[in-house]
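J.:
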Amino acid sequence: MLLIIVMDNLNTHKLASLYEAFAPEEARRLAERFEVHYTPKHGYWLNMAEIEIGVMSKQCLSRRISTKGEIAYKVKAWTCVRNSANLTVDWRVTTDDARIKLKRLYSKI
62 MLLIIVMDNL NTHKLASLYE AFAPEEARRL AERFEVHYTP KHGYWLNMAE
112 IEIGVMSKQC LSRRISTKGE IAYKVKAWTC VRNSANLTVD WRVTTDDARI
162 KLKRLYSKI
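Residue numbers (the numbering used here): 62 to 170.
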């Protein structure tokens, strides 16, 4: 079974890291099972993913679903509608707001 993994572009997030943690045979076996999709180097991709999962949960998965096949069907249908709408994330936090909320992370000017 192929496993799809979404990873950011941190230098340690490479399949080669498996060889540091496992014996070569096991690392190769695992690496052959993974298909890696890297996220953009810049941007709030994790926030966007969390927003989409939240929307999907409310719009698509908030009721009882009895089978795995039914979940797959509903998620695929929801995804097609969502993608065809070409929706984007409307960021409402300004740089000034971020500097106030995250002042410990910003150096003093």
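Glycine included, every Cβ here is placed at the ideal spot set by N, Cα and C.
1. Considering only heavy atoms of the ligand MG, does any lie closer than 7 Å to the CB of SER123?
2. Under 8 Å by Cβ, that's how I've got VAL150 and MET109 pegged, so tell me the actual separation to the nearest angstrom.
3. Opposite LEU64 in the DSSP bridges: which residues?
4. Identify the continuous alpha helix (DSSP H) that holds ALA133 and give its terminal residues.
5. Under three-state DSSP, which class holds ILE126?
6. Tell me the rounded alpha-carbon separation between ALA118 and ILE132.
7. What three-state label does DSSP hand ASN108 in the structure shown?
8. Would ILE66 and PHE95 qualify as a contact pair, given that the criterion is a beta-carbon distance under 8 Å?
9. Taking the straight line between their C-alpha atoms, what separation do you get for SER78 and ARG90?
10. Among residues of its own chain, excluding the 5 on either side of GLN120, which ones have a beta-carbon nearer than 8 Å to its beta-carbon?
11. May I ask you to report which of helix, strand or coil DSSP gives THR156?
T.: On the basis of the supplied data:
1. Absent from the structure shown: the ligand MG. Ligands present: none.
2. Correct: roughly 5 Å between the Cβ atoms.
3. Its beta-bridge partners are PHE95.
4. Segment 129-145, the alpha helix (DSSP H) holding ALA133.
5. The answer is coil: DSSP assigns ILE126 none of H, G, I, E or B.
6. One point to set straight first is that residue 118 is Ser, not Ala, in the sequence displayed. Their Cα atoms are separated by approximately 11 Å.
7. Note: ASN108 maps to helix in three-state DSSP.
8. In this structure, ILE66 sits near PHE95, with a CB-CB distance shorter than 8 Å.
9. Take the alpha-carbon of SER78 and the one of ARG90: they are about 13 Å apart.
10. Here the set comprises TRP139.
11. The answer is helix: DSSP assigns THR156 an H, G or I state.
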